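Here our numbering is used: the first residue of the sequence shown is 102, the next is one more, and so on.
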Amino acid sequence: MGELTHFDEGGASRMVDVSGKQSTLRSARASGWVKMEPETLSLVRDRRLAKGDVLEVARLAGIMAAKRTGELIPLCHPLGLDSVEIALSPVAPDALRIEATVKLHGRTGVEMEALTAVSIAALTVYDMCKAVDRNLVIGPIQLDEKTGGRRGHFLRPTKAADSPGQVVPETGERGTDPTSRTVGA
């Protein structure tokens, strides 16, 4: 594991200086889940909730959040993103999967923007559904893939999980330390 770059030699917080880095194409893909009662997901799919079209409002909220990540998270660089795509998909009778893909040509990565987009989209789903379902659960939210930059390509090594609660074998970033985790539990 490397050193933390958001602190100087004296331990003071700082925004990392990226002025010496090359501008390259960078992308990040993150995902998360919102687990809910099957009846709630049916209302969402059929656009029958009083607050409106949950999927479209959550998509817009995720896009807006990605664009404002530098204002929301201290020490994140404000970035002029090239694209943000949000996909919301029912993947089980009681689970909605959210995926964000963010791209830019720049000097720093967009992982936080993708994670922020998924987080805010999930919170928006929660807000719009909470009146009819008190058992909503958000998570896990994770970085699935990133490209570009000094460290190159990262792809989370998992078996495809179709629903929260499924146990998925996983290895570390360099293919070591096999573990298992429960998705969405």
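We treat Cβ as the ideally placed atom computed from N, Cα and C, and that holds for glycine. In this text the structure is predicted, and so the values were computed from the model without any measurement.
Counting C-beta atoms within 10 angstroms of its own C-beta, L126 has fewer than 16 neighbours from the protein chains shown and is therefore classed as exposed. Take S190, set aside five residues on each side of it, and the residues of its chain with a beta-carbon closer than 6 Å to its own are R198, in chain order. In the DSSP annotation of this structure, L224 is not part of any beta strand (DSSP E); the continuous alpha helix (DSSP H) holding it starts and ends at 212-230. Its chain contains R127, A129, K247, G249, G250 as the residues whose beta carbon lies nearer than 8 Å to that of G210, once the 5 sequence neighbours on both sides are disregarded; these appear in chain order. Looking at the DSSP output, R130 bridges to T202, E246. Per DSSP, the continuous alpha helix (DSSP H) segment holding A159 begins and ends at 155-168. Looking at the DSSP output, A151 sits in no beta bridge, so it has no partner there.
Taking 7 Å as the cut-off, the beta carbon of E214 is found closer than this to the beta carbon of T170.
In the three-state reduction of the DSSP assignment, V145 falls in the helix class. The alpha carbon of A193 has as its nearest neighbour, out of G163, I221, T202, R146, the alpha carbon of R146. Residue nearest to V185 within the set K204, D228, D109 is K204 (criterion: CA-CA distance). Within 10 angstroms of the beta-carbon of I221 lie 16 or more other beta-carbons, which makes it buried.
For A113, there is no enclosing beta strand (DSSP E), as DSSP marks it with neither H nor E. Residue state for G171 is assigned as helix, using DSSP reduced to three classes. Assignment of E186 by DSSP, reduced to helix, strand and coil, places it in the strand class.
No Cβ-Cβ contact shorter than 7 Å links E200 with L244. DSSP lists no beta-bridge partner residue for P179.
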